[in-house]
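Working notes, beginning with the structure itself.
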Amino acid sequence: MDPGTQMPNLLEHLPKAQRDDVADAVTHFLVKLSLKEFMPGGAKEEEHAVGKKLFHKIGCVSCHESGQGVGLVHVPMKYGMDSLTAFLFQPLHTRPSGRMPDMNLTRDEARSIAGYLIGMEGRGGLRLKPEAVKVAAGKKYFEQFNCVSCHKLPGIKAKPSLALAKLRVGKGCLSVQPKGMPHFYLSAAQRETIGKALKGIGKPLRDQARIQQTMVAFNCIACHTRDGAGGVSDVMFKHFGTDEEGLGNPARIPPTLDGVGVKLKPEWLRKVLFDAETVRPYMHTRMPQFGEANLQYLPMLLEKVDRLQKVEFPEPKRDDRRKYREGGHLLVGDKGLNCVACHNFNGNPSPGLKGLDLLTSFERLQPSWFAHFMRNPQKFRPGIVMPNYWPGGEAVRKDVLGGNPNEQLLALWHYFSLGRSARDPSGIRAEGTDLKVTNRTRVYRGRSRVAGYRGIAVGFPGGINYAFNAQNGTLSALWLGEFVSVYWGGQGAGNFNPRARPIELAQDVSFYRLSKNDASWPIQPVMDKENPVNPDPLYPRNRGYQFMGYQLDGEGVPTFMYRTGEVAVEDTANGVVANRVNRLERRLRFDASKSETVYFRALTGQVRSLSATQFATDAVKMQVPEDTALLRGEGDTRELLLKLKLPKGKSEIRIRYELLR
Amino acid sequence: MSCCVNTGLTGVLTLLLAMSTSAEEVGARWGTEKREREFYRVVSVPLPKGEVIEAGAFELMPDNRLAVGTRRGDIFLMNGVDDEKPQPQFEKFAEGLDEIFGLAYRKDDKGDKGGLYVTHSAELTRVLDTNRDGKADRFLTISDAWGYRNYHEYAFGSKFDPQGNLYVALGLSNSYHSRALFRGWAMKITPDGKSIPIASGLRSPGGIGPNEHGAMFYIESQGPWNSSCSLKFLKTGGFMGHPESFNWYPFATDLKRPIEPESGTRVVTEKEKVRELVPYAVIFPYIRMGRSITGYVVDRTGGKFGPFENQIFLGDYTQSIIMRATTEQVNGVWQGACYPFREGLSTGILNVQFTPMGRLLCGGTNRGWPVRGIKPFALERLDWTGKMPFEIRSINITEDGFRITFTKPLDQTTGNNIKSYKIATFTHNYHSGYGGPEVDSNNPVVKFVELAADGRSATIVLSELKIGYVHEFDLGALRDRNEGELLHHNAYYTVNEVPKG
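Protein chains in written order, with our numbering: chain A, 608 to 1268; chain B, 54 to 554.
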């Protein structure tokens, strides 16, 4: 049924008919235990295809390549899609011994691989309804044959078994024809080998041997080498892929485990083994998780056994830190050793090959290993593309830190130790993120030169964009083209910049009650280096303005809500591109508790009057309601005010902005 | 040929274990990570591909989904965070807000105040999904009663207190100045939307919320007038220590401007002159206990998270660690202790939240400041394995010493030996300079110890309790009844008051 299984035949000694009865009853008993009913059926075509790819990509083949290793031919008969998916998602649940490791699959990935293994027809079609009599009998047999000795089941205790050291070849299950015993169908050679192994079974293994045993038992050597054993064979090589081919074999083949106990910091070694931590996103195979309980001893053994001549990097004295920090910064960048040509740095991609992030070095590596590795990368990873920057002990860069190799290595180590605060080296650049507008209007809040600190950018699908200064209740910029670029580097929140040259409008409060037509407009307080403290901190609240928020409609178009005095304003603008005219249609709706006159400052600068309702600057043409416009001032300090006589209750006006560039 | 020599010899050569070449910026490790993982596992929570989720705030929604507010201004709703191998589904509920450091859900089925309240730099916003399509569509400004003129002017929001108030802590301008209205103040936002400035003197808050007794606290960062990070009681009318924000008293009509504190003094003496000065309740010795402490939460899991029920759990940004704290009120003044808990998280922790199953969700970013954890952003879950760690559970002050409780019974020999209890004291200068060293160190004598019959607590009597000093405990010599060592043997108690006998 399942070639290569370690499950012995327990019923060999029974007559055929009785054998079938026992098997039938145990089956009823086991099916009864299932929480979920078996669902027959195969995989969808896509699941099968994706699963096949994954199976050959992430390392499954290393243990399950057809013809070698652990066979999977029984899988379609044994599992349904749901049960195999559940098993692959968390294999340690079903098999806590960890011989089938957790491959860090997502649920979807687990289902795809299940689909590949089961196939699209799905052969297991029998749905069994447990019969009470058989369930009871099955339970009896389960206990009688001591199944629980290997298959744990709550409530059933295993019978005491003979200690391994007391087993003898030729007796019990190690006899040629076991009678009333589990039958493993062992060959003479297998029995002999087991016999030899049993002789030393009572003695604890020496550390080195225990490591080697672990490497074989968990098949670490299918992908890694250690002590001259294991590694990826020529046949399997094609299954070890990478996204960064230029980095050569080290980007495909998992690193050697020679000296891993002195390479990785103890905490990091545990994270790799037990927490699925990884730093090589380009490598396609995944590091399997065998379960902490199964390998808890391994890190300690590796740390105990592996040796490396110690190199210390003393913490630089306070006065020297700057020297080393700057030395490291220079060496890593493209004006130094250009490490960033092949390494990412601090989460930012290298402009060249995207090799592992250098800032992980300090967290992962032991300093001694780092020092030895850097002086001779080839010795540690034959075939690595990384050059030796200190060939024959001589620094390539003689102009940095006196060309002293130890000093340069200390500088690199110190620089990496700074973590996030390490300044990005030359050649690495953190860039802004472009926010894209697709088929829905987009709203983004953040500080901006064109909208103040409480700025809100609005981008319409057609390519019209505007900015609203919510601090002052003012439409403060318009532009045509892409939406905004946001900088999410450093300490600050994402400040936004229009992706095209904006038409900038005044940012002072828009609505106000002037005492007379020629009274001056309340300008927002100005702060500069000499006078950094806000001299009028309540502006524009003390001019009657209060922002209330916004509502998005079904298309994502915001309506800004605010008050000016006792008047509630709802402010909706829509970008329209039609007949080669780019415009913003703005609708202002008012709800006033009493009838009153308010002024709206529509446009400033070199405003020209085109008609009683049309006004323009070089950049924008405005259409305003009849009998409202009031153009005042001179030259480039003109102001277009709208004098609005609002009735009690609801009213509205419309304004159009035509973008002239 | 490998350069590493594998040998079968054991214990002969010097072992090359964790050589902590301590990084200047983030400080040395506690060195306990290897042992901690036996009791508290760090489980990585996978994030959706292509999304940058720099968590700054969490809230549990009525449907048991977890809301995650991010520095990039998004709010995600997350399902399935408690699965053994979590693969949560994330739905983007809202986007485009400005650096979220507070999420608080208010249930109000009958009234019109329900919804998710979001504290971000610009304002406190009530966010609603009015058409119930799963996406927020209504953003109502509840309070923007503070100035915002510099990117460093972060705003941290609490959850609602039982009276329905929400508290906002406002950092200084550029972390040194107060150039916009109420920078360096805390505000109370009442249920009817009034914004009331309640306390001045904040510097650079990292989190705000109640302590385990329900009193409103915030966490302050080391810097001018703060030699270390500390948990502080947010007293109405109080002054939190940094006088830069005094210029806004004319705008806080009910409050009177305190007199200026004198630099180069001590909090314990200065508070006698500057009556509004609230002594720092729990001081976290700098570097040893965090370098920039952030969001915190009280364990109300009913024991699901282990033996620290009703204690405060705090994240630290720089060191990617989680710590604990306990507080108590003595003579009307808050004080308490802090304890190491778990190190080795993957990014700078900005906030923490208990999940419905009682696990601690930790999240953040390493953008902008030095961080030990190497991931640009991450969500991680701390799971109690069910194994009982041997830990200092809590420390309380008595009239002549302390009562220390443990998570496991002590053995008689070490527990009854006064030499097992090493106490040192130190304090800090109170000054306008940035940070400051531990000064006036001393070692009070432990005169007497009484071990409780069950071995779970010990009461010690000291030669002297020093008011205004941090009392540092090193209990490394104690053993449990299986000769086990404490997982962490340090704790730090800040004495502001001594109970009257």
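Where is the CB? At the ideal position from N, CA and C, for every residue including glycine.
- Spanning the alpha carbons of Thr863(A) and Gly954(A) requires a straight line of approximately 25 Å.
- About 18 Å separates the Cβ atoms of Ile427(B) and Thr347(B), ruling out a contact at the 8 Å cut-off.
- Interface annotation, Val657(A): not in contact with chain B, CB-CB separation never under 9 Å.
- A direct Cα-to-Cα measurement between Gly1066(A) and Phe192(B) gives close to 18 Å.
- When C-beta distances to chain B are compared with 9 Å, the residues of the region 1068-1099 of chain A below that value are Ala1077, Gln1078, Val1093, Trp1095, Gly1096, Gly1097, Gln1098, Gly1099, in chain order.
- Apart from the 5 residues on each side of it in sequence, Ser281(B) sits with its Cβ closer than 7 Å to the Cβ of Gln275, Ile336, Phe337, Pro338, Tyr339, His481 in its chain, given in chain order.
- According to the DSSP assignment, Lys806(A) belongs to the alpha helix (DSSP H) that extends over 795-806.
- Within the region 304-315 of chain B, the residues whose Cβ lies closer than 9 Å to any Cβ of chain A are, in chain order, Phe304.
- Residue pairing by DSSP puts Lys285(B) in a beta bridge opposite Tyr271(B).
- With respect to chain A, the C-beta atom of Phe192(B) has a partner C-beta closer than 9 Å.
- Under the three-pair Cβ rule at 8 Å, the region 445-456 of chain B counts as touching the region 518-534 of chain B.
- Within 8 Å of the CB of Ala175(B), the CB atoms of chain A belong to Arg1052, Tyr1060, Arg1061, Ala1077, in sequence order along the chain.
- The C-beta distance from Ile725(A) to Ala795(A) rounds to 37 Å, too long to meet the 8 Å contact threshold.
- Annotated three-state conformation of Pro1129(A) is coil, per DSSP.
- Gln815(A): member of the alpha helix (DSSP H) spanning 814-824, first to last residue.
- Going by beta carbons, Gly1026(A) and Arg425(B) fall inside the 9 Å limit.
- Excluding five sequence positions before and after Val383(B), the CB atoms of its chain that fall closer than 8 Å to its own CB belong to Ile450, Asn549, Glu550, Val551, Pro552, given in chain order.
- By the rule that beta-carbons nearer than 9 Å mark a contact, Glu874(A) touches chain B.
- Measuring C-alpha to C-alpha distances from Val680(A) to each of Ser641(A), Ala721(A), Met646(A), Pro708(A) identifies Ala721(A) as the nearest.
- By the neighbour-count definition (other C-beta atoms within 10 Å, threshold 16), Thr418(B) is a buried residue.
- Annotation: Tyr487(B) has no Cβ neighbours in chain A at a cutoff of 8 Å; minimum Cβ distance is about 15 Å.
- The beta carbon of Arg1170(A) is closer than 8 Å to those of Gly1151, Tyr1152, Gln1153, Met1155, Val1176 in its chain, skipping five residues each way along the sequence.
- DSSP lists Arg1215(A), Lys1228(A) as the bridge partner or partners of Ala1223(A).
- Under DSSP, the beta-bridge partners assigned to Asn132(B) are Gln142(B).
- Rounded to whole angstroms, the Cβ separation of Ser211(B) and Met269(B) is 7 Å, and the two are in contact under 8 Å.
- Distances from the CA of Gly537(B) to each of Tyr483(B), Asp464(B), Gly224(B) were compared; the closest alpha carbon is that of Asp464(B).
- Straight across, the Cα-Cα distance linking Gln797(A) with Lys102(B) is about 49 Å.
- Taking a C-beta cut-off of 9 Å against chain A, the contacting residues of the region 126-154 of chain B are Gly126, Glu137, Lys138, Gln140, Glu148, Gly149, Leu150, Asp151, Glu152, listed in chain order.
- Boundaries of the beta strand (DSSP E) harbouring Gly1182(A): 1174-1185, taken from the DSSP string.
- Per DSSP, Gly468(B) lies in no beta strand (DSSP E); the unbroken alpha helix (DSSP H) holding it starts and ends at 465-468.
- Contact check for Asn1104(A) against Val1116(A) fails: the beta carbons are separated by 9 Å or more.
- By the CB criterion at 9 Å, Lys241(B) and Phe696(A) fall outside the cutoff.
- Contacts with chain B at 9 Å (Cβ-Cβ) do not include Asn901(A).
- Under the DSSP assignment, Gly745(A) falls in the alpha helix (DSSP H) whose first and last residues are 739-751.
- Following the DSSP letters along the chain, one finds Pro250(B) inside the beta strand (DSSP E) bounded by residues 248-252.
- According to the DSSP assignment, Arg1027(A) belongs to no alpha helix (DSSP H), since it is labelled neither H nor E.
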